[in-house]
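So the protein lines, in turn, are chains A and B.
Residues 1 to 144, numbered by the UniProt record's numbering, are exactly what the first sequence covers, in order.
Residues 1 to 284, numbered by the UniProt record's numbering, are exactly what the second sequence covers, in order.
The C-beta atom is built at its ideal place from N, Cα and C for all residues, glycine as well.
To start, the structure itself, in structure tokens.
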Amino acid sequence: MLQFFKYIIPLILIFSGFATIDAQFCRNYEQQHCSEPPADFVNGSVSRAFTLGKDHVVRFNQILYGGRTYFLSVCGEKKLGNIEFRLLADDEAGTVLYSNSSNGFIGEQTFQIENSIKLVIEILAPDYSVADNHRCAGLKIYYK
Amino acid sequence: MKVFYNQKCTWVLAMLLIWSSSVFSMDVESQDEEFIVEFYSIPSPDEILTYIHNSEIQFTPRLLNDVRKSDSYNTFRDRLLAYGFYLANLAYSISFEQNHTGLQYFNTVDEMGRQLNIFPPEVEELGHRLMRNMNQMDSLNLIYDELYLLVIANLHDTDRFGEYALISAGGFVESLYLALNSDGSKIHDDGFRMRVWDQKMIMDQLVVMFNRHLNEPVRKAMLNDMEGLIDAFNEFTIETESPKVAGTSNGVITIGGGRATGSTVNSIRRIHEEVNKLRGKWVN
Chain A
1 MLQFFKYIIP
11 LILIFSGFAT
21 IDAQFCRNYE
31 QQHCSEPPAD
41 FVNGSVSRAF
51 TLGKDHVVRF
61 NQILYGGRTY
71 FLSVCGEKKL
81 GNIEFRLLAD
91 DEAGTVLYSN
101 SSNGFIGEQT
111 FQIENSIKLV
121 IEILAPDYSV
131 ADNHRCAGLK
141 IYYK
Chain B
1 MKVFYNQKCT
11 WVLAMLLIWS
21 SSVFSMDVES
31 QDEEFIVEFY
41 SIPSPDEILT
51 YIHNSEIQFT
61 PRLLNDVRKS
71 DSYNTFRDRL
81 LAYGFYLANL
91 AYSISFEQNH
101 TGLQYFNTVD
111 EMGRQLNIFP
121 PEVEELGHRL
131 MRNMNQMDSL
141 NLIYDELYLL
151 VIANLHDTDR
161 FGEYALISAG
171 GFVESLYLAL
181 NSDGSKIHDD
191 GFRMRVWDQK
201 MIMDQLVVMF
211 NRHLNEPVRK
221 AMLNDMEGLI
231 DAFNEFTIET
241 ESPKVAGTSN
251 GVITIGGGRA
261 TGSTVNSIRR
271 IHEEVNKLRG
281 KWVN
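What follows is the structure in structure tokens.
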């Protein structure tokens, strides 16, 4: 029974840790890999790193203030392939206002917001097909 | 025989654990097949304050929450709300270039953050940088931004969304309180009032976050405390247009809609009263 505590418990602790390592392992990924905004933009409160996987969609429910210009850039590990980001209206239909898939999956876009609105930013890796393996990605939101 | 029995027992337990962990992994995988990770983001106190006051108010130090009170918040909920107040106080001081006051609030935020165990290890380096650049306001500003992002990222990465919701609620109410009560606040000006009304979206988003991420007693307490403010924001019920792409110029896409055409700006008297009442209750 002693062997159980000596060998198995540490193994369980090590493996159970893997579930939470992912997101923290990618911390600051966006700062190092996503495109920089022009110098007059300041960092918003939502820039962050996360993980993407096969059939995985990350959604940010975001409030953007009227009269401000927002610079959005996305990035991810090369093995993820193209990173798609969409801007959706927060309505029942989830109307797509913009998708970089119609723009060659370009990683950055600037938006001028006329009136304060709630939007959803969706990010995914549509070509990534490796199951059970998540990789680092990031989103930068700057504004002026 | 006893040794054999012990070894057998160990291996049976090990196999059971491996089996149970693989079942757990399968659950995660099957969720992954259609996995949507959803984050709810609230603008930082800095963003809320600068948006509302639009450089039209004056620094009013009497409004700030006393740093000596930071030890007097007893429950975990109260301490997280207070953390939001102090973050807003720090942002407010920095936005008016009040270096000395800003440093006091930075120290409070730093100390409370450690007690609340919400800091990732990277915060240590921020503290050292601050000490090296003590007299540079720009540095304090940048360090505030980094600190805020690190704390929020840490809470997200470790699935502590309830704590994020409570800190955001404290920061939101304190930011409104500072914007509405500062000397020079233009609460009768249409533009100012409209920018206050715009915060209804944050109020709505906070309610969603409370419902999703707080346990029942805390959720009830928060909704109960904020009932008056929620009602006050709900007085503004005009229908808004769906957002739409209004045009593109020099690669910049303009998103229009979001506000009813020709809408009148309601009074913010009740919001002002409810903000002051709630802030008084939370700050003590």
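**Study point:** Cβ-based contacts, 7 Å cut-off: residues of the stretch 46-65 of chain B near chain A
**Key:** E47 and Y51
**Study point:** In DSSP terms, what T248 (chain B) is bridged to
**Key:** B:I253
Check your understanding: Given a limit of 7 Å on CB to CB distance, which residues of the stretch 80-96 of chain B reach chain A?
Key -> none
Point to revise | Residue environment, I255 (chain B), which counts as buried when at least 16 other CB atoms sit within 10 Å | key: buried
Point to revise | Residues of the stretch 105-125 of chain A with Cβ closer than 8 Å to any Cβ of chain B, in chain order | key: Q109, T110, F111, Q112, I113, E114, N115, S116, I117, K118 and L119
Point to revise | Residues bridged to N43 (chain A) [DSSP beta-bridge criterion] | key: A:Y142
Practice item. Below 6 Å CB to CB, which residues in the same chain sit around G191 (chain B) once its five sequence neighbours on both sides are set aside? Key: none
Check your understanding: Taking Cβ positions only, does I143 (chain B) come closer than 8 Å to chain A?
Key -> no
Exercise for review: Using alpha carbons as the reference points, say which of B:Q98, B:H100, B:V67 and B:E97 lies closest to G84 (chain B).
Suggested key: B:V67
Practice item. Can you tell me the Cβ-Cβ gap for R27 (chain A) and E77 (chain A), rounded? I've got them flagged as a contact below 8 Å. Key: No, R27 (chain A) and E77 (chain A) are not in contact; Cβ-Cβ is about 14 Å, not under 8 Å.
Check your understanding: Exposed or buried, which one is P38 (chain A) when buried takes at least 16 other CB atoms within 10 Å?
Key -> exposed
Review point. Would I63 (chain A) count as contacting chain B if we go by Cβ distances under 8 Å?
Key: yes
Check your understanding: Can we say the stretch 179-195 of chain B touches the stretch 149-158 of chain B, given the rule of at least three CB pairs closer than 8 Å?
Key -> no
**Study point:** Nearest-angstrom Cα separation, counted from A232 (chain B) out to residue 164 (chain A)
**Key:** Residue 164 (chain A) lies beyond the residue range present for chain A, which begins at 1 and ends at 144; the question has no answer from this structure.
Check your understanding: Hey, quick one: how far does the beta strand (DSSP E) through V37 (chain B) stretch, first residue to last?
Key -> F35 to Y40
Review point. Grouping DSSP H, G and I as helix and E and B as strand, with all else coil, what is A49 (chain A)?
Key: strand
Check your understanding: Does the stretch 204-217 of chain B touch the stretch 88-97 of chain B, meaning 3 or more C-beta pairs lie closer than 8 Å?
Key -> no
Practice item. Look at T110 (chain A) and G258 (chain B) and say whether their C-beta atoms are less than 8 Å apart. Key: no
Review point. Any idea what DSSP makes of N61 (chain A), helix, strand or coil?
Key: strand
Point to revise | Closest by C-alpha distance to I113 (chain A), when choosing among A:Y70, A:K79, A:N133 and A:F105 | key: A:Y70
Point to revise | Exposed unless 16 or more other CB atoms sit within 10 angstroms - verdict on S129 (chain A) | key: exposed
Point to revise | Euclidean distance between Cα positions of G94 (chain A) and S70 (chain B) | key: 43 Å
Practice item. Please indicate yes or no: does the CB of V58 (chain A) lie closer than 7 Å to some heavy atom of the ligand NAD? Key: Absence of the ligand NAD is noted for the structure shown, with no ligands found whatsoever.
Review point. If you drop the 5 nearest sequence neighbours on each side, which residues of the same chain put their C-beta closer than 7 Å to that of H33 (chain A)?
Key: C75 and G138
Review point. Between the C-alpha atoms of F161 (chain B) and S116 (chain A), what's the straight-line distance to the nearest angstrom?
Key: 24 Å
Exercise for review: Specify the secondary structure class of S22 (chain B) as computed by DSSP and reduced to three states.
Suggested key: Only weak support exists for where S22 (chain B) lies, its pLDDT of 34 falling under 50; the value from the coordinates is given anyway. S22 (chain B) falls in the helix class under three-state DSSP.
Exercise for review: Could you tell me which residues DSSP puts in a beta bridge with E84 (chain A)?
Suggested key: A:L124
Exercise for review: Report the three-state DSSP secondary structure of S267 (chain B) (helix, strand or coil).
Suggested key: coil
**Study point:** chain B residues whose Cβ lies nearer than 8 Å to that of F41 (chain A)
**Key:** Result: empty, since nearest Cβ-Cβ is about 12 Å, beyond 8 Å.
Exercise for review: Please confirm if S102 (chain A) has its CB atom under 8 Å from at least one CB of chain B.
Suggested key: no
Check your understanding: Could you give the distance in angstroms between the alpha-carbon of F236 (chain B) and the alpha-carbon of W197 (chain B)?
Key -> 8 Å
**Study point:** Min CB distance M26 (chain B) to chain A below 8 Å
**Key:** Any reading at M26 (chain B) needs caution, since the residue's pLDDT is 29, under 50, leaving its predicted position unreliable; the model's value is listed next. So no, M26 (chain B) is outside the interface.
Check your understanding: In terms of residue numbering, what span does the alpha helix (DSSP H) encompassing Q31 (chain A) cover?
Key -> Y29 to H33
Point to revise | Three-state secondary structure (DSSP) of E56 (chain B) | key: coil
Point to revise | Cβ of V96 (chain A) within 8 Å of any chain B Cβ | key: no
Check your understanding: Nearest CA to the CA of Q24 (chain A): which residue from B:D157, B:N65 and B:S72?
Key -> B:D157
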